[in-house]
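Chains as they are written, first to last, in my numbering: chain A, -14 to 333; chain B, -14 to 333.
Note that CB positions come from ideal geometry on N, CA and C, so glycine has one too.
Number of protein chains: 2
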Amino acid sequence: MTTYNLALIGFGGVNRALAELIRDEPRRFADLGFELRVVAITDLAFGSLVQGEGIDLAAVLAMPRGSSFEGLPGGSTEARNEDVIKNSPADIVVEATFTSPIDGEPAVSHVRWALESGKHVVTTNKGPVALKGQELSTIAASNGVRFEYEGAVMSGTPVIRLAHKVLGGLELRAVQGILNGTSNYVLGRMEAGLGLEQAIAEAQELGYAEADPTADIGGSDVRLKVAILANELLGAGIHPNDVETTGIQDITSQDVADALARGCRWKLIGEARRDADGTVTAVVQPVALPAGHPLAGISGATNAVSFTTDLLGAVTVSGPGAGRVETAYALISDIIAVDEFAKGAVRA
Amino acid sequence: MTTYNLALIGFGGVNRALAELIRDEPRRFADLGFELRVVAITDLAFGSLVQGEGIDLAAVLAMPRGSSFEGLPGGSTEARNEDVIKNSPADIVVEATFTSPIDGEPAVSHVRWALESGKHVVTTNKGPVALKGQELSTIAASNGVRFEYEGAVMSGTPVIRLAHKVLGGLELRAVQGILNGTSNYVLGRMEAGLGLEQAIAEAQELGYAEADPTADIGGSDVRLKVAILANELLGAGIHPNDVETTGIQDITSQDVADALARGCRWKLIGEARRDADGTVTAVVQPVALPAGHPLAGISGATNAVSFTTDLLGAVTVSGPGAGRVETAYALISDIIAVDEFAKGAVRA
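In structure tokens form, the structure reads like this:
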């Protein structure tokens, strides 16, 4: 059985969930034909830990927040990302730090260092993919490694890989998505009679929305995801700034009620479409969808993408768009893709 | 570029749509890395035609209904299926005759002859898959060829391949689907106030329902599809007769109105579920789904399958479940799978 050595960059919710699955369910991976061994972890809070023979995950997962890897063999109080990414004996670097929507740093550098040192990268981090996806994919190809990022759009719900692996032979004309669970939840609660502020507060209480919900409500989270879909599925070559973006902050209870009265539902829609002249237009905006639209029935915090194709018309996939375990699954699906590549079963 | 020789068994709507795509869009297939050449066609109405150098599709597609292949080089007035399947120079047999829900014949024999003579089979025909799927897959494996049948469940909307190719590493606990567009359309029209008979008549006018809508309304169409999903995705090893089946014939306008009043929608649900003891239960029945259910929002003639998984919860795919071009796409997706197998990119 193949063993892949992993370096976990960031040890927050998602990478901890992955570590728990590796600790608790070796069988899941053995059934896939490989074993996963974590040989390095870096984190702003814990510092760095490199143990080439494999880190005892039960031990590090039990460490309380506020403690440090310092004192453990191979441990340091500092998050020595560059050194660990370049020099640890990892085959796959698992990037799950935070997303900067401005320049994608520090994740862009993490990914670049890993790819340039011949390591595969799997990530759930939107920033590097939305801002530097093409450059990083080129670096991956020229180093003979994979750069996989299924989780950057809808956490574990397959979108990019679905388009590539099971919609082959179709011409994809457009993708439309509900790509932010918080704003979809808020719009649903407004349909139930809450005001915008009240619905946002409820979403925050339930843990859907961040303390600062601006990126969710204002559409900038969706903008990054639309840029990824436009580039990945329609070859648009665009920057997130090219995506004209309007959030749901100006949707009123009256707008919601008026739409319901004519059988429509407001949704925050991210869309990329190939126009007749071949150019790709990408936009984020609230749309009052008629009941028959494939995205009109997507309720609560669920996310969905509808692909408009030439032979099938609309094909839609929906599922979770967030959650630590759900997002960790995206990393597993990326590692499966790395494994297929490594075993020569997939053409580069 | 690889050329695949095809034998089309049945020359009705679906195989004609495939032939039109081959005639009109060689570029679509060239982009996939292969060329398709039809070397044989059999059909109850037209008879048989075998031309090893490739049939002129424009010419045969222009032949009016009621004419015969007799008189053409390699032509015969009789549908010589066994001889053509066994002895024509086809690499891939495209089975698109009719489905017998009792014994799957004559399609089962068509598929068996093809596989035993070392030819790949792609089919949209539910019968052989639901009734003899495991036996036929075993014959395919022992002859080193593929038996592919994505279109047997939701026409071109990917279900089987989606589960196998993009949900890897998940434990699949259940599949639930809206697998019959006619009954879903009828239930939707009953929500709009029509009676059952009236809604069925409308579906017939629109071409959704057959002249005899019994298989759609009574659930036996869904039963075959549920058996396929239970066997293919949950390893159930069941016969369609093992699927307890109730149709929508006894759903009244009052039932529909009562459900709507409490925020629910009646749907004809086909379901296969792995129970705690490992056995798989499969059932077809009308269910009043609450608004938040992933299948509650599936409207009109659209089909959908919701996969219940351990790490992601529910992931749902929806799209067309019928249509000649949509179903022909399922055959293309199957041919892509054959090509991947033939090129050694996929493990058997």
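Within 8 angstroms (strictly less), CB to CB, does A:Pro49 reach chain B? no
Top-ranked residue by Cα proximity to B:Pro275, from B:Ile40, B:Gly282, B:Cys249, B:Ser291: B:Cys249
**Prompt:** How long is the line joining the alpha carbons of B:Ala333 and B:Gly153, rounded to whole angstroms?
**Reply:** With a pLDDT of 40 at B:Ala333, under the threshold of 50, the predicted position of this residue should be treated as unreliable, though the coordinate-derived value follows. Using only the alpha carbons, I get a separation of about 16 angstroms.
ask   = Is B:Ser52 close to chain A, meaning its C-beta is less than 8 angstroms from at least one C-beta of that chain?
value = no
Selected residue, minimal CA-CA separation from B:Asp262, among B:Thr231, B:Pro279, B:Pro271, B:Ala221 = B:Ala221
ask   = Of all the residues that make up the stretch 157 to 188 of chain B, which are near chain A by a beta-carbon distance shorter than 7 angstroms?
value = none
Taking only beta-carbon positions, decide if B:Arg131 is within less than 8 angstroms of chain C.
-> Among the protein chains in the structure shown, which are A and B, there is no chain C.
Show which residues of chain A have a CB atom less than 8 angstroms away from the CB atom of B:Gly282.
-> Ala281, Gly282, Ile283, Ser284
| Which chain B residues are close to A:Val310, counting only those with a beta carbon under 7 angstroms from its beta carbon? | Leu296
(Q) Looking only at its chain, what residues have a beta carbon closer than 6 angstroms to the beta carbon of B:Ala184, apart from the 5 residues adjacent to it on each side? (A) Val171, Arg174, Met175
Exercise. For A:His95 versus A:Ile77, is the C-beta distance shorter than 8 angstroms?
Worked result: no
A:Arg1 at chain B interface by Cβ criterion, 8 angstroms = no
*Neighbouring residues, chain A, relative to B:Tyr193 (Cβ below 8 angstroms)*: Within 8 angstroms Cβ-Cβ: nothing; B:Tyr193 doesn't reach chain A, min ~15 angstroms.
So with CB distances below 8 angstroms, who are the chain B contacts of A:Pro352? Because chain A in this structure spans residues -14 to 333, residue 352 of chain A falls outside the shown range and cannot be described.
Margin query: Quick check on B:Glu55: does DSSP put it in helix, strand or coil?
Written below: coil
Q. Residue range of the beta strand (DSSP E) that B:Ile163 falls in?
A. 157 to 163
For this session: Could you tell me which of B:Ser33, B:Met139, B:Phe326 sits nearest to B:Pro58, measuring between CA atoms?
Result: B:Ser33
Exercise for review: Starting from B:Gly118, find everything on chain A with Cβ-Cβ shorter than 9 angstroms and list it in chain order.
Suggested key: Per Cβ cutoff of 9 angstroms: no residues; B:Gly118 is ~20 angstroms from chain A at best.
* **Residues that B:Arg146 contacts on chain A, provided the C-beta gap is smaller than 9 angstroms** => Lys150, Val151
Counted within 10 angstroms of its Cβ, other Cβ atoms place A:Thr84 as buried (16 or more) or exposed = buried
TODO: Note down, in chain order, all residues in the stretch 69 to 84 of chain A with a beta-carbon under 8 angstroms from any beta-carbon belonging to chain B.
DONE: none
- prompt: Would you say A:Gly248 reaches chain B, if we count a Cβ-Cβ gap shorter than 8 angstroms as a contact?
  reply: no
Check your understanding: Do B:Gly162 and B:Ala289 come within 8 angstroms of each other at the CB atom, strictly closer than that value?
Key -> yes
query = Do you know how far the Cα of B:Arg309 is from the Cα of B:Pro225?
reply = 25 angstroms
Taking the runs of the beta strand (DSSP E) that are 3 residues or longer, which of them lie wholly in the stretch 143 to 198 of chain A?
157 to 163
C-beta contact flag for A:Asn0 and A:Leu6 at 8 angstroms: no
Stretch-stretch touch, CB-based, cutoff 8 angstroms, three pairs: the stretch 15 to 35 of chain B with the stretch 120 to 134 of chain B: no
What is the rounded straight-line gap between the Cα of A:Ile40 and the Cα of A:Thr109? 22 angstroms
### Query
For A:Glu20, which residues does DSSP report across the bridge?
A:Thr(-12)
Neighbour flag for B:Gly154 against chain A, beta carbons, 8 angstroms: yes
- Query: For the alpha helix (DSSP H) that contains A:Ser122, what are its first and last residues?
  - Reply: 111 to 127
Report task. Just the C-alpha distance for A:Phe54 and A:Ser73, rounded to the nearest angstrom, thanks. Result -> 16 angstroms
So, for A:Ala307: in the same chain, excluding its five sequence neighbours on each side, which residues have a beta-carbon less than 6 angstroms away from its beta-carbon? Ser140, Gly166
**Q.** Under the three-state DSSP convention, the category B:Arg332 falls into
**A.** Its pLDDT being 44, under 50, B:Arg332 is placed unreliably by the model, and the measurement read from it follows with that caveat. B:Arg332: coil per DSSP, three-state reduction.
Residue-chain proximity (A:Tyr(-11), chain B), Cβ-Cβ < 8 angstroms: no
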